Amino acid sequence: GGLGDIFMHRMMFEDIKALWPECELIFACQKKYHDAVADHPYLDSVIELHEANPLDYVVAYNTTSACTRHEMKVAPFSDKHRSDIWASHCGLTLKNHNMHFNLDESYKVKAKQKIADLCGNKPALCLCPISAMKVKNLLPHQMRGLVDGLRARGFFVFALHHVEIPELKEIFVPTFTGLSTKEWMGTIDASDYVVTVDTAAFHYAGGTGKPMTAIFTAFDGKVYGKYYDFKLVQMHRDDGWDCGPCYVYNSCPKCPKTPKPCQTELTVEMMLKTIPE
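Reminder that position 192 of the sequence shown reads as 184 in my numbering, one-by-one numbering, no gaps.
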């Protein structure tokens, strides 16, 4: 998985240590994700994924495909948060689900100043409208309408992404790009509010308790956000929608092409009403 999956793995480490206090707990992942997990107080070390040999350890678990197997098995319904799926794969049941972020304060201070230089006294809203999966993204008209509504309420809106977002550049929304993982985390910490699609920002903001609205499409936000306090925007069967979330977006029975109904039927009004005036 991506950065969001790394953040969700953090929910496991406290319970593993509680179950087996004397163990040396090592987490293997791609080097680009090390800064997202290395500060965890119950983790002894982080190593490069491709250098890890399971035979070197008393116990080793590979969580790589556990969630995909489980979610596709139960689709179109969903029953477990990903941290609980991984924990079950490793033979335990989680009790705490704490991420225990310990980001150095200097990253938050630097980000706070960068944002203040742009927004002055306005409340700063961090917008993350793009995911690695196209079916999760906000559509261009949704981005524009959302930004217009937020600006009308007095928010200074900026975006986080690894590259410029053309639809936002057209309406003069600055996008913070090229940040390290810690700088990215500090920027979310320094924001007053976060509006995000189903992407890593959702899990970091959720894990740190940042006020947030999350916009979901084909994946169940009630399950993915089970342990977060946030406002959800989603077309959902629990609210009488007849379609999902389905998890099987590639074979959507309503629309063989993108965008999907779970994207197109989300309105700007639905998004704005979850965000404080």
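From the three backbone atoms N, C-alpha and C, an ideal C-beta is built for every residue, glycine too.
Here the structure is a predicted model, which means the values were calculated and not measured.
- Item | CB-CB length for F168 against F150, believed under 8 Å | 6 Å
- Would you call K252 buried or exposed, if buried means 16 or more other Cβ atoms sit within 10 Å of its Cβ? buried
- DSSP state of L119 mapped onto helix, strand, coil: strand
- Message: Can you list, in chain order, the residues of its chain with a C-beta nearer than 6 Å to that of M204? Leave out the 5 residues immediately preceding and following it.
- Response: V186, A197 and F222
- Query: From P68, W78 and L117, pick the residue whose C-alpha is nearest to that of K202; which is it?
  - Reply: Closest option to K202, Cα to Cα, is L117.
- Roughly how many whole angstroms lie between the Cα atoms of S70 and N94? 31 Å
- Query: In three-state DSSP terms, what is K126?
  - Reply: helix
- M91 and G199: beta carbons closer than 9 Å? Yes; because the gap between Cβ atoms is below 9 Å, this pair is in contact.
- Touch test, the region 6 to 23 against the region 208 to 225, Cβ-Cβ under 8 Å, three pairs minimum: no
- Item | alpha helix (DSSP H) runs contained entirely in the region 192 to 256, provided each spans 4 or more residues | With a minimum length of 4 residues, the unbroken runs of alpha helix (DSSP H) contained wholly in the region 192 to 256 fall at 192 to 200, 213 to 216 and 253 to 256.
- Report, in whole angstroms, the separation of the C-beta atoms of V260 and G83, which I expect to be a contact under 8 Å. So it is not a contact: roughly 45 Å between Cβ atoms.
- Query: In terms of residue numbering, what span does the alpha helix (DSSP H) encompassing C82 cover?
  - Reply: From DSSP, C82 is part of no alpha helix (DSSP H); its letter is neither H nor E.
- Query: Taking the alpha carbon of K102 as the point to measure from, which residue in I207, L224, I180 and M135 has its own alpha carbon closest?
  - Reply: I180
- What three-state label does DSSP hand Y34 in the structure shown? coil
- Query: CB A182 to CB K265, shorter than 9 Å?
  - Reply: no
- Query: With a Cβ-Cβ cutoff of 9 Å, do C120 and F194 count as a contact?
  - Reply: yes
- Message: Which residues does DSSP list as the beta-bridge partners of Y185?
- Response: L117
- Query: Do three or more CB pairs link the region 33 to 41 to the region -1 to 8 at distances below 8 Å?
  - Reply: yes
- Among D109, F19, H133 and V50, nearest to H42 - alpha-carbon criterion: F19
- Item | Length of the line joining the Cα atoms of M263 and L131 | 13 Å
- Tell whether a beta-carbon distance below 9 Å holds between Y241 and A192. no
- Item | Between the CA atoms of C238 and Q255 - distance to the nearest angstrom | 13 Å
- Message: Can you give me the C-alpha to C-alpha distance between P13 and T60, rounded to a whole angstrom?
- Response: 30 Å
- Message: Spatial neighbours of C244 within its chain, please: C-beta separation below 6 Å, excluding the five flanking residues on both sides.
- Response: K252
- Message: I need the straight-line Cα distance from S172 to E16, nearest angstrom please.
- Response: Taking the Cα positions, S172 is about 28 Å away from E16.
- Leaving out the 5 sequence neighbours to the left and right, which residues in its chain are closer than 8 Å to P115 when beta-carbon positions are compared? Counting only Cβ-Cβ distances below 8 Å, and skipping sequence neighbours, we find G146, F147, F148, D184 and Y185.
- Item | Three-state secondary structure (DSSP) of T179 | Correct three-state label for T179: helix.
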